[in-house]
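Plus 270 on top of the position in the sequence shown (first one is 1) and you've got the numbering used here. To keep things clear, I will list the structure first and then write my remarks on it.
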Amino acid sequence: MTEARRTATRIEDTSAPATRARRSPGTEGGDRLAELETRLAKLEKTRRLRERGRGLMARVVPDEASAHFRNAGRENLLAVRSIVDFWIERIDDSEGRSSRRTRRESIEID
Numbered sequence: 271m272t273e274a275r276r277t278a279t280r281i282e283d284t285s286a287p288a289t290r291a292r293r294s295p296g297t298e299g300g301d302r303l304a305e306l307e308t309r310l311a312k313l314e315k316t317r318r319l320r321e322r323g324r325g326l327m328a329r330v331v332p333d334e335a336s337a338h339f340r341n342a343g344r345e346n347l348l349a350v351r352s353i354v355d356f357w358i359e360r361i362d363d364s365e366g367r368s369s370r371r372t373r374r375e376s377i378e379i380d
């Protein structure tokens, strides 16, 4: 047996009781569902990593500095917007010039 197959077999063996509990009707399946609902409720109650990080930043960084960082971020986004607008106008102008150049006139010769 190859190493990958041995690993796959071990994983299947360890998950077998949980699989049986999910498939079997009756109280075992209900117990599994209740356990999962309990775990989900516990996860929903815990603070997320982002919330914990914000709490730490609030303790370390003064409110005034946070306002400056927020304003600096806004200014950076406005700078990117102005660059994008510039290039959009440039593309629109080049398309307008190219459509004027490709305008052809048909002249009939008798």
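Just so it is clear, CB atoms sit at the ideal spot from N, CA and C, and this is done for glycine as well.
With DSSP collapsed to three states, give me the class of residue i.
{"i": "Ala291", "result": "Interpretation of Ala291 is limited by its pLDDT of 45, a score under 50 that renders its predicted location unreliable; no figure is taken from the coordinates."}
{"i": "Arg322", "result": "helix"}
{"i": "Thr308", "result": "helix"}
{"i": "Glu375", "result": "coil"}
{"i": "Arg317", "result": "coil"}
{"i": "Asp301", "result": "helix"}
{"i": "Asp380", "result": "coil"}
Every unbroken alpha helix (DSSP H) inside the segment 324-373 [4 residues or more]:
333-371
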